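Visitor: Pasting a structure below so you can have a look.
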Amino acid sequence: MAKVTELLKNRFFSGKKVNRTVSYLLVIFGYVLMIILMKAGMLTSHFTSLLVPLTSYIVIAIALNLTVGFSGELSLGHAGFMGVGAFSAVIISGLLLPYVPNTTLRLIIAMLGAALVSSLFGAIIGIPVLKLEGDYLAIVTLAFNQIIKTIINSIYLGYDNNGIQISFVKNKLNLGEGAVTILKGPIGANGIKRISTFTAGFILILITLLVVYNLIYSRKGRDIMACRDNRIAAESVGINVTNIKLEAFVISAALAGCAGALYGLNYSTLTPAKFDYNLSIMILVYVVLGGLGNIAGTIISTVILYILPEQLRFLQDYRMIIYAVVLIGIMLLTNNSWFKVQYYKISKRIRKKMREKKGAAA
Amino acid sequence: MTFLQFLITGLSLGSVYAIIALGYTMVYGIAKMLNFAHGDIIMVGAYIAYFAMGKYNLPSFVAVMASVLVCTLLGVVVERLAYKPLRKVSSLSVLITAIGVSYFLQNGAQLLWSSAPKMFTSIIPADTIKLFDGQLTVTYLSIFTIVVTLLIMVGLTLFVTRSKIGKAMRACAEDKDTARLMGINVDTTISITFAIGSGLAAVAAALYASAYQSISPTLGSMPGIKAFTAAVLGGIGSMPGAFLGGLLLGVIETLVKGYLTTQLSDAFVFGILIIILLVKPSGLLGKRYVEKV
Amino acid sequence: MTKMVTYPSGAIVPERDLGYTPVLEALHLGIDFGGLTAVDDFNLIVGKTEIAGLIGPNGAGKTTVFNLLTKVYQPTRGTILLDGQDTSKMTTVDANRAGIARTFQNIRLFNNLSVEDNVKVAMGKSYSYSTLGGIIRSPRYYRQEEEAHERALELLRIFDMQNLAETAAGNLPYGAQRRLEIIRALASRPKLLLLDEPAAGMNPVETQELMDNIIKIRDEFKIAVMLIEHDMKLVMGICEGIAVLNYGRIIAKGTPEQIKSNPEVIEAYLGKNREG
């Protein structure tokens, strides 16, 4: 018995592995709880409608933490990748509708397609952007976000019995028999077949956790963090900093694209304007409040910060003001030296007590 | 002739960007923070001017001065309450706080003044000058905006290079600890910088709102982002850079809208920013910081 | 004392390294910053297993030489041959892969990574599993991670740091950080190890230990070591060949005995005797 506990402890709760275990447990527990509550009919339809977007935001927040927390690059443009993923998925799903009636299969194909397209965008954007540093990188990612949004805003795409038609800026589609328009410029897409499910979101989070944790605890993960900690030293031991940062960025973009696919296929209408820098900033807030490089923290903060304002709707207009005040308050408190000292003292006392307990037991 | 027309419109729009960008760049230079709430100060400025003119019937100059005063105070208060306690912590925390302030101002404005847009009467008579047999129409507002911006730029340059406070500002931008050792009151200097930046935002607000003649609680976000882009384009932290970046951005935006496409103009503006940064990674007039090994 | 022999070019190397390609040949190396010449006409040959010293007053350009050798700066003039290989087209990364590793005067560790991970980061040459292999945990991942773990601990044992493997590098005391930097550099399997003031901030006992360890490293790994140091006891104690730099130029080269009695060196360090 003691051996089993020891093994469990080493495998799941030793040192840096705690965060990973907590993340998986949180996600699985949350999923099971929601399913039970749903089956018991205890969730309002409004709350239920928040679940898929929530899973989607958790995925993109983890993806952004890979870029900002682990790779140390401030990206203000991840909503752009999410948008690319969302609209790629909508297009793929729309085009495949007659051929792949199975919704699960279509969702999987759409998501893989979205991951591919957004990782391609990640590479195209990452190659020039990652040469820049600090706040310059931040503004350029924001610029790319706006460019992506503007471009999606100007795409018209549809098909008829004769094939696919696409036009930019002006709607020049001339569709004949069997016409279906998928994208309508600034109006975006409507009549999307909603095929995302909460379970799909749950599985996507698990995959995201697997990818990010396994990456972080492998040689590339160490390289990514080494480049963040000291670029010059990393180069001096033979790490190609630009390549490593690019890899992290592309993986992050691919995951953001998956999140977008899940999000996009959850609504019957979708406008490109949704994916502007305001969304990027919202997700950045989740990441920073959850803790840079802290994935379990990211999950918790995303759940709280997304669900809370939605549940405070009764406060109406005061809702976002309160959110703003809470945000500023949290930043001021967590960075307050007096609070930090108190926290340190308390945690030290707890640790001491635990040691004493251990000593007494032995 | 159309080109000249676009050029003047562009310079006028660029002048507004330049004024905002100057505020951005000064605050960045000294506090090393991306002040995301800067755009919302513009919005507040526009509303103050609107009420001063509409409700209290003040002359436009007085209204703008009132708006400058309120924004200056607002800037200092925000800095003292929200940013000052975070001066020694990671810049990301400050960024998030600035985002919080931005949310606060936007939603506060929505609460106080409703989200419905309001008609803004131009602070300058809406007359025009016709040149070349009427082929070229220049509004008074355009001329006024360009002139005001030039005056601000000259005045600010003199202030920063000649005055004692200006020198203190430059010293703090370079190295706060050393500046403190030299007897400079760093806190006051930073507050003054925020005050100037916010005051400039109020001037820009009046000019911007006069051009678009409509104000709403989200008014600040687009000029805020554009000015931010302008500041980076010129080399963030550099005042001539912000001026140049603002003008360039305004002209490019207007030319693209005039000759190519309105819908994709933002893509062009941001695309040019990216291209310039790739060629000159610290902006047109920015200084490159090289880490010593 | 090592017997030093002179090449026809005037360069000296330890006798045991004769017949091997020198690990480093710097020829007429120079760099200008703007109009300022920081290093000029730098010529140096380091034998395959030599411990070489680079000394000189503050601001003489010693660290600049290291930055040139590791390609942090691209030289304005001259050639660097690393184990006979021309490095003129190489980046810092290539130079490391070609066999040069260094420590830094102002310590540069990966502060948030554990001591063990700091060492593992430098072992890039030893892994072949891909990013995807790491994510899906291929058999190769497990095998190479196990090997990396073993080798990291082995390297840490040189300085008796294996018990600190889990500690975050940023939390180590100063001396341990310096030692970790040396281990990290060694982990990249260099042919030439550059140490920038390895004994800075160490007490005499620690310095003595460091001297023993540098010799141990050289003997065990059969590599050359070149060091910048102000502690003359260390330099004179372990260096076989010494070059003295002043105002970016080499003013003297030779064995410790020759350097000690060289009037130009004495002048560079102590200044000219005005009465004399």
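Residue numbers (the numbering used here), protein chains in the order written: chain A, 216 to 577; chain B, 159 to 451; chain C, 3 to 278. Think of the CB as a built atom: it goes at the ideal place given N, C-alpha and C, for glycine as much as any other residue. If you're wondering where the values come from, they're calculated on a predicted model, not measured in any experiment.
Got a sec? Which residues, its chain only, sit under 8 Å from A/Tyr-492 by beta carbon, not counting five neighbours each side?
Guide: Contacts found: Leu-291, Gly-292, Ala-294, Leu-357, Asn-360, Gln-361.
Visitor: Looking only at its own chain, which residues have a Cβ that is under 6 Å from the Cβ of C/Phe-161, when we skip the five neighbours before and after it?
Guide: Once the five neighbours on either side are set aside, the close Cβ partners of C/Phe-161 are Arg-181.
Visitor: So that I know if they touch, is there some Cβ in chain A lying closer than 8 Å to that of B/Ser-396?
Guide: It does not; no Cβ of chain A falls within 8 Å.
Visitor: Using a 10 Å radius around the Cβ and a threshold of 16 neighbouring Cβ atoms, would you call B/His-196 buried or exposed?
Guide: Classification for B/His-196: buried.
Visitor: Answer yes or no: do A/Ser-286 and A/Ala-468 have a C-beta to C-beta separation smaller than 8 Å?
Guide: No, they are not a contact pair.
Visitor: Identify whether A/Ala-539 lies in helix, strand or coil by the three-state DSSP scheme.
Guide: Three-state result, A/Ala-539: helix.
Visitor: Taking the C-alpha atoms as reference points, what is the distance between C/Lys-218 and C/Ile-252?
Guide: Rounded to the nearest angstrom, the two C-alpha atoms are 29 Å apart.
Visitor: If the cut is a Cβ gap below 7 Å, which residues of chain A does B/Phe-386 touch?
Guide: Residues of chain A passing the Cβ test: Ile-354.
Visitor: What is the DSSP secondary structure of C/Tyr-144, reduced to helix, strand or coil?
Guide: Three-state DSSP puts C/Tyr-144 in a helix.
Visitor: Return the chain-ordered list of same chain residues with a C-beta closer than 7 Å to the C-beta of A/Ile-367, the five sequence neighbours on each side being excluded.
Guide: Cβ within range, chain order: Gly-298, Phe-302, Pro-487.
Visitor: Please work out which residues of its chain come closer than 7 Å, Cβ to Cβ, to A/Ile-431, disregarding the five sequence neighbours upstream and downstream, and give them in chain order.
Guide: Taken in chain order, the residues that qualify are Phe-285.
Visitor: Assuming B/Leu-431 and B/Thr-387 form a contact by the criterion Cβ under 8 Å, report the distance between their Cβ atoms to the nearest whole angstrom.
Guide: With a Cβ gap of about 5 Å, B/Leu-431 and B/Thr-387 count as contacting.
Visitor: Using beta carbons (cut-off 8 Å, strictly below), is C/Asn-215 in contact with chain B?
Guide: By this cut-off, C/Asn-215 is not an interface position.
Visitor: Residues bridged to C/Met-6 by DSSP?
Guide: DSSP lists C/Pro-16 as partners of C/Met-6.
Visitor: Within 8 Å of any Cβ in chain A, is that where the Cβ of C/Tyr-176 sits?
Guide: Chain A, which has no Cβ nearer than 8 Å to the Cβ of C/Tyr-176, makes this no.
Visitor: I need the straight-line Cα distance from B/Ala-353 to C/Ile-33, nearest angstrom please.
Guide: Taking the straight line joining both Cα atoms gives about 46 Å.
Visitor: According to the Cβ coordinates, are C/Met-163 and C/Val-227 closer than 8 Å?
Guide: For C/Met-163 and C/Val-227, no; Cβs fall outside 8 Å.
Visitor: Can you find a CB in chain A that lies within less than 8 Å of the CB of B/Pro-243?
Guide: Closer than 8 Å to some Cβ of chain A, the Cβ of B/Pro-243 qualifies, so yes.
Visitor: Nearest CA to the CA of A/Glu-288: which residue from A/Gly-505, A/Ile-459, A/Ala-474?
Guide: Cα-wise, what sits closest to A/Glu-288 is A/Ile-459.
Visitor: Among all the DSSP beta bridges, which residues are the ones paired with B/Ser-372?
Guide: Per DSSP, B/Met-277.
Visitor: In the DSSP assignment, the beta strand (DSSP E) including C/Arg-104 goes from what residue to what residue?
Guide: 102-104 is the extent of the beta strand (DSSP E) around C/Arg-104.
Visitor: Should A/Pro-343 be flagged as near chain B, meaning a C-beta pair shorter than 8 Å?
Guide: Yes, its Cβ sits closer than 8 Å to a Cβ of chain B.
Visitor: Kindly indicate which three-state DSSP category C/Gln-87 falls into: helix, strand or coil?
Guide: It is a strand residue.
Visitor: Grouping DSSP H, G and I as helix and E and B as strand, with all else coil, what is A/Asn-389?
Guide: In this structure, A/Asn-389 counts as coil in the three-state DSSP scheme.
Visitor: Should A/Val-355 and B/Leu-435 be called a contact, given that it needs their Cβ atoms to be closer than 8 Å?
Guide: In contact: A/Val-355 and B/Leu-435 (Cβ atoms closer than 8 Å).
Visitor: Flag this pair as yes or no: are the beta carbons of C/Val-41 and C/Leu-71 separated by less than 8 Å?
Guide: No, Cβ-Cβ distance for C/Val-41 and C/Leu-71 is not below 8 Å.
Visitor: Only counting the same chain, and skipping five residues up and downstream in sequence, which positions put a Cβ closer than 7 Å to that of C/Ala-201?
Guide: Cβ neighbours of C/Ala-201 beyond the five flanking positions: Thr-209, Leu-212, Glu-231, Asp-233, Leu-236.
Visitor: Quick check on the DSSP output: the alpha helix (DSSP H) that includes A/Leu-461 runs from which residue to which?
Guide: From DSSP, the alpha helix (DSSP H) with A/Leu-461 extends over 456-479.
Visitor: Using the Cβ count rule (16 or more neighbours within 10 Å means buried), how would you classify A/Phe-490?
Guide: So A/Phe-490 ends up on the buried side.
Visitor: Would you call C/Asn-114 buried or exposed, if buried means 16 or more other Cβ atoms sit within 10 Å of its Cβ?
Guide: Buried: at least 16 other Cβ atoms inside 10 Å.
Visitor: Based on Cα-Cα distance, which residue from B/Gly-203, B/Ser-356, B/Glu-411, B/Ser-374 lies nearest to B/Phe-428?
Guide: Measuring from the Cα of B/Phe-428, the nearest candidate turns out to be B/Glu-411.
Visitor: Cα separation between A/Ser-411 and A/Leu-480?
Guide: Between A/Ser-411 and A/Leu-480, the C-alpha separation is close to 5 Å.
Visitor: Taking DSSP as the reference, what is the three-state secondary structure of A/Asn-225?
Guide: The answer is helix: DSSP assigns A/Asn-225 an H, G or I state.
Visitor: Closer than 8 Å, Cβ to Cβ, to anything on chain B: give me those residues from the segment 94-127 of chain C, in chain order.
Guide: Residues Phe-106.
Visitor: Anything in the segment 64-87 of chain C with a Cβ closer than 7 Å to a Cβ of chain B? List those residues in chain order, please.
Guide: Within the segment 64-87 of chain C, the residues whose Cβ lies closer than 7 Å to some Cβ of chain B are Asn-69, Val-74, listed in chain order.
Visitor: Excluding the five sequence neighbours on either side, which residues of its own chain have a C-beta within less than 7 Å of the C-beta of C/Glu-259, listed in chain order?
Guide: Around C/Glu-259: no qualifying Cβ.
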